[in-house]
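*Asks:* Residue numbers (my numbering), protein chains in the order written: chain A, 1 to 314; chain B, 1001 to 1341.
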Amino acid sequence: MAFSIPESVWGQKVENKMQKNFSSRKKLSRTWEYIRRKWYKFSRNPLSIVGLALICTIIFSAIFASYISPHPESAGKFVNFSEASQSPSLAYLCGTDRFGRDVLTRIFFGYRYSLGMAVIVISIMAPVGIILGLIAGYYKNSWIDTVIMRITDIFIAIPPLILALAICSVLTPSIFNAMLAISVAWWPWYTRMVYEVTSSLKGEFFVQAAQVTGANTTHILFREILPNCMAPVLTKMSLDVGWVILIGATLSFVGLGAQPPIPDLGSMVADASSYLPDLWWEAVFPAFAIMLVVLAFNLFGDGIDDMLGEEKGG
Amino acid sequence: METIKFIVKRLAYSILVLVGLSVLMFSIARVIPGNPARMALGPRAPEWTVQKLREEMHLEDPLYIQYYYWLKGALHGDLGMSLVTRRSVAYDIKEFFPASLELALYTGIFMGIVGIVLGVISGWHNNTWIDNSVRIVSYIGIITPSFVFAIFFVLIFGYILQVLPTMGRIPLSVTPPPRITGMITFDALITGNFALFFGTLKHLLLPAISLAMGPMSQEARITRTTLAGNMSKDYVAAERSCGLPERTIMFKYLLKPSLIPTISIYALDFAAMGNAFVVELIFNWPGLSRYGMNAMLRKDLNATVAVVMVYGILFMVVNIIVDLVVGFLDPRIRLGTKSRE
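1. Are there 16 or more other CB atoms within 10 angstroms of the CB of Gly317 of chain A, so buried, or fewer, so exposed?
2. Assign Ser200 of chain A to one of three DSSP states: helix, strand, or coil.
3. Which residue from B:Ala1272, B:Val1278, B:Pro1286, B:Thr1223 puts its Cα closest to that of Pro1257 of chain B?
4. Any heavy atom of the ligand NAD closer than 8 Å to the CB of Val1278 of chain B?
5. For Thr172 of chain A, name the three-state secondary structure that DSSP assigns.
6. Name the two residues that bound the continuous alpha helix (DSSP H) containing Glu1002 of chain B.
7. Find the nearest neighbour of Thr172 of chain A within the set B:Ala1237, B:Leu1297, B:Val1317, judged by alpha-carbon distance.
8. If we define contact as Cβ-Cβ less than 9 Å, is Trp187 of chain A a contact residue for chain B?
9. Can you say whether Tyr195 of chain A is buried or exposed, counting buried as having 16 or more other CB atoms within 10 angstroms of its CB?
10. Taking only three categories from DSSP, how would you classify Thr96 of chain A?
11. Chain B partners of Arg150 of chain A, CB-CB under 8 Å?
12. Taking the straight line between their C-alpha atoms, what separation do you get for Lys202 of chain A and Gly137 of chain A?
13. Could you check where the alpha helix (DSSP H) with Gln1162 of chain B kicks off and where it finishes?
14. Cβ of Ala126 of chain A within 9 Å of Cβ of Met237 of chain A?
15. Among the candidates B:Thr1200, B:Pro1165, B:Thr1166, whose CA atom is the shortest distance from the CA of Pro1177 of chain B?
16. Compare the C-beta of Gly1042 of chain B with all C-beta atoms of chain A and state if any pair is closer than 9 Å.
17. What residues are listed by DSSP as bridge partners for Ser1088 of chain B?
18. Which chain A residues are close to Phe1342 of chain B, counting only those with a beta carbon under 9 Å from its beta carbon?
19. For Val119 of chain A, count neighbouring C-beta atoms within 10 Å of its own C-beta (all shown protein chains included) and say buried if the count is 16 or more, exposed if not.
20. Is Lys1299 of chain B close to chain A? Criterion is C-beta to C-beta, closer than 9 Å.
21. Report the three-state DSSP secondary structure of Asp264 of chain A (helix, strand or coil).
22. Considering Cα atoms alone, identify which of B:Ile1313, B:Leu1314, B:Ala1295 is closest to Thr1085 of chain B.
23. When you compare each of A:Asp305, A:Asn298, A:Leu161, A:Ile162 to Ile55 of chain A by their alpha carbons, which one comes out closest?
24. Helix, strand or coil for Asp102 of chain A, going by three-state DSSP, please let me know.
25. So which residues on chain B does Leu295 of chain A lean against when the C-beta distance must stay under 8 Å?
26. On the three-state DSSP scale, how would you describe Cys56 of chain A?
27. Please identify the residue among B:Val1050, B:Pro1171, B:Leu1227, B:Asn1132 whose C-alpha is closest to the C-alpha of Leu47 of chain A.
28. Out of B:Thr1226, B:Phe1096, B:Ala1272, which one is the CA nearest neighbour of Val1317 of chain B?
29. Three-state secondary structure (DSSP) at Phe1251 of chain B?
30. Kindly confirm or deny that the region 1307 to 1323 of chain B and the region 1188 to 1208 of chain B touch, where touching means at least three C-beta pairs closer than 8 Å.
31. Buried or exposed: Gln1051 of chain B, going by 16 or more other Cβ atoms within 10 Å of its Cβ?
32. So if I threshold CB-CB distances at 8 Å, which residues from the region 1187 to 1200 of chain B count as touching chain A?
33. Figure out for me which residue from B:Gly1020, B:Leu1211, B:Pro1036 has the closest Cα to the Cα of Leu1071 of chain B.
34. Would you kindly report the start and end of the unbroken alpha helix (DSSP H) that includes Trp1048 of chain B?
35. For Ile156 of chain A, which residues from the same chain have a beta carbon less than 6 Å from its beta carbon, with the 5 sequence-adjacent residues on both sides left out?
36. List, in chain order, every chain B residue whose beta-carbon is nearer than 7 Å to that of Ala258 of chain A.
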């Protein structure tokens, strides 16, 4: 009898532990199932897989640029006039520019700057745009909505490239200011998108239920409404990586973005364009590099859209 | 009546947005460090002239008073002096705008025709090799920045094939025609100068195509998607079962509803003209965008603000027109319900 108590406690503990284990395993398997279903939707289109593979390759080459590039010293201030302006060969797969720097190496390092720029720009401006859109949509028809959306309209009234160029032009040209300019020109598109979704979700029952049970506004905005906005937002974010890289390249192409000796894809094309058609490899390969990264994110974005988009007939 | 009310409402609202845009641009232009008066006069001007000019330009006053003076001038057509050309900005805009408009018109013609034709073809032959090849072309168009197209076209047609001119607006051997509209092809047609017309057209071709490639692909894609979506609708099946020929179904019943999204995208692309900034620079096209780009590169603030405002106004006007046209074409979208509640 004396042993029965610890035994039963022991038994209970084991049972608890087993239950816990079981439920966590069930949860895990459910998560796994969810991921598998999403992956199935994503991978139904082979082009999305191509996009994903390209992105992985590009990110890999950007991160490990200093290890995999054949001539890492070419990335910075470096001249080697004895090897200058060489056409593509085995030693220099994409040729060398007129300072003797390896073009392929500079493309890898250029990816590093382009991707870094895109990630920083999107992670700065998307949250700002999303939060403003949530607030404006939730307080629709109040003065908060009016103020936020009218300011948004002003920013949307001119194409983002012109606004970014104008902002860049008054600042000292640098990669940081280019990022600032693109962010300023881009956030309103997120605000408008989230605003539309939020203002249509506002009247739904689950929001009303949360309001009735006394949830505070922060909870309703970020826990109830935000998850329902995420599908279009994530799709737009994955597509926007490509567009931000494109606008960044355009800015540095006209000399308002990254400054030498930073190996930026846009400025590489710009520098080389004055030596066409003789040094064609100097312009063509960086241009292809830009196209490749934009293509990758476009394909990937389409895949994300398939994955998160509305269920089309199951 | 409804339409007029809608236009008035939109115009009034647009003016509000334009005022906001001007405040934004004005504050961007004035917050930068540096002395516009010193930049205007050059480094060798004596200090007292700089001081005098600063007072004349109201640079010593607080920002809102400066804005007041700027707005007062702008409403009277005085946008200040350009540092690049040393002329009044309003005069420069009048001088350079027709060239940009001409380029935009030809870009618009090209991207409209080719984009819609490609889209219709690939939508009609849904999921065949034609559809796939159009899709590849439109992907290439979308992912390539316009400056890359411009450089490739210069390289291929200008240097390698040497069939098309790559610089400027008219052949060097021709005297410019008298200025009537400022758009040389139209002036040439009005005066009956066909040699000049074709010469100018040749100069227009490369910049217009480089500008059109991106939007064109977008339109092809949207037309294709809408068309393919509409093709599986019940009314098309009904028409087929009645034995109407495919051609009639296509051109009489399918095309009109399928082109509505394309038209709104088309007009916005036409109005954006943002890419022209870089392309005009590459082709040395003497338009407003090249002027604006040069102004931006040399920190010519009056000109920058003015050019951005011109594009803002253009963008807005086109937006209003799009809403009207789409409302006219599509009775499902009523103007009253489309405006903000």
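Yeah, the Cβ is synthetic: ideal placement off N, Cα and C, and Gly gets one too.
*Replies:* For this structure:
1. Any answer about residue 317 of chain A is impossible in this case: the structure gives chain A only from 1 up to 314.
2. Helix.
3. B:Thr1223
4. This structure lacks the ligand NAD, and indeed carries no ligand of any kind.
5. coil
6. 1002 to 1031
7. Among B:Ala1237, B:Leu1297, B:Val1317, the Cα nearest to that of Thr172 of chain A is on B:Leu1297.
8. no
9. buried
10. In the three-state reduction of the DSSP assignment, Thr96 of chain A falls in the strand class, which pools E and B.
11. Leu1016, Val1017, Gly1020
12. Each residue's Cα considered, the two are about 8 Å apart.
13. Gln1162 of chain B -> no alpha helix (DSSP H), and no H or E assigned at all.
14. yes
15. B:Thr1200
16. no
17. B:Met1081
18. Here chain B has residues from 1001 to 1341 only, and residue 1342 of chain B is not among them.
19. exposed
20. yes
21. coil
22. The alpha carbon of Thr1085 of chain B has as its nearest neighbour, out of B:Ile1313, B:Leu1314, B:Ala1295, the alpha carbon of B:Ala1295.
23. A:Asn298 is the residue among A:Asp305, A:Asn298, A:Leu161, A:Ile162 whose C-alpha sits nearest the C-alpha of Ile55 of chain A.
24. strand
25. Tyr1139, Ile1143
26. helix
27. With distances taken between Cα atoms, Leu47 of chain A lies closest to B:Asn1132.
28. B:Ala1272
29. Helix at Phe1251 of chain B.
30. no
31. exposed
32. none
33. B:Gly1020
34. Going by DSSP, Trp1048 of chain B is part of the alpha helix (DSSP H) stretching over 1047 to 1056.
35. Pro188
36. Result: empty, since nearest Cβ-Cβ is about 15 Å, beyond 7 Å.
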